[in-house]
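The numbering used here applies: residue 14 is where the sequence shown begins, and numbers increase by one. I have placed the structure first, in the form of C-alpha cells, so that the comments after it can refer back to it.
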Amino acid sequence: MGNIFRPDMCAEKVSSIDLDLLRSKHFRFALLDFDNTLAPDHATEPVPYSYDMVKALKEKGFSLCLVSNAKSDRSKRIADMLDIPCVSYANKPGTSGIEKAMALIGAEKSNTVMIGDQLFTDIAAGNRAGLFTILVERYAKKEVFYVVLKRFPEWIIRKVCRF
Ligand SMILES: [Mg+2]
C-alpha cells in the first residue's frame, strides 16, 4: 500500500525544501501543484508566497511547470501571472498530465521532481510517472469538501507508513 503514496521527501513548505540538495542529485525540473501547495486552496490568483517560490526555484536553475487538476481558465491565468507554463485538467493521479508537462518543458524522469500537498493526486501521479516526489504540508487548513474527505485516509497512510 505504501509505495505509490509514499513521497521520496517530505517538507513543511515549498520554502523549506533543500534546493541545493536537489541540485546535487541532478534535478533540474520541477512540476508544481498549485492549490494548497503554492497558495490557498482554490485561490483565484497567486499570492506573494507563490511568486517567491517560483523565483526561488528559478534562481536555483529549475525549469518549472504547473500541473493542476483545476479548470483550464483558472490555472492558465495563474500560470500566466507566475510566468510559467501550465497543464490544466492534469488528471492526477493519472500520469497523462505529468507526461504532457514534461514534454512541454523538455524534462526527463531522471531530472524532474513533483511537488504537491496531496498523496492521492500529486504524490501518486508523480510516483506512477517515475519522478522524485516531494510532499509538502498544506498551505492552509481551509479546503473544499472533496479534499477534506481525502485528508483522513491520508492521515492513516502517513501513520501506518510513518512519514
Ligand atoms: Mg493541492
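All C-beta atoms, glycine included, are put in the ideal place defined by N, C-alpha and C.
query                                                                                                             : result
Rounded C-alpha distance that separates D65 from N104                                                             : 27 Å
The stretch 79-87 in contact with the stretch 39-56 per 3-pair CB rule at 8 Å                                     : yes
D31 classed as buried or exposed, judged by whether at least 16 other C-beta atoms fall within 10 angstroms       : exposed
Rounded straight-line distance, which links the Cα of E25 to that of V100                                         : 25 Å
Residue environment, V60, which counts as buried when at least 16 other CB atoms sit within 10 Å                  : exposed
Given 8 Å, three or more beta-carbon pairs between the stretch 116-129 and the stretch 137-149                    : yes
Every unbroken alpha helix (DSSP H) within the stretch 22-84, with a cutoff of 4 residues, ordered by chain       : 32-37, 61-72
Limits of the beta strand (DSSP E) - the one that L148 falls within                                               : 145-149
Per-residue burial, S88 [other beta carbons within 10 Å of its own, 16 or more giving buried]                     : buried
Alpha carbon of I147 to alpha carbon of L77, nearest angstrom                                                     : 15 Å
Outcome for M115 when other beta-carbon atoms lying within 10 angstroms are tallied against a minimum of 16       : buried
Own chain partners of V157 with C-beta closer than 7 Å, once the 5 adjacent residues on each side are dropped     : D54, H55
Chain-ordered residues, beta carbon under 6 Å from a heavy atom of ligand 1                                       : D46, D48, N49, T50, G129, D130, Q131
Nonlocal neighbours in the same chain, by C-beta distance under 6 Å from R151, ignoring five residues either side : N49, D130
Strand pairing of V157, partner residues [DSSP]                                                                   : Bridge partners of V157: none, in fact.
Presumed contact (8 Å Cβ cut-off) between V27 and V173, rounded CB distance                                       : In fact, because the Cβ distance is near 26 Å, the residues do not count as touching under 8 Å.
Own chain partners of Y159 with C-beta closer than 7 Å, once the 5 adjacent residues on each side are dropped     : none
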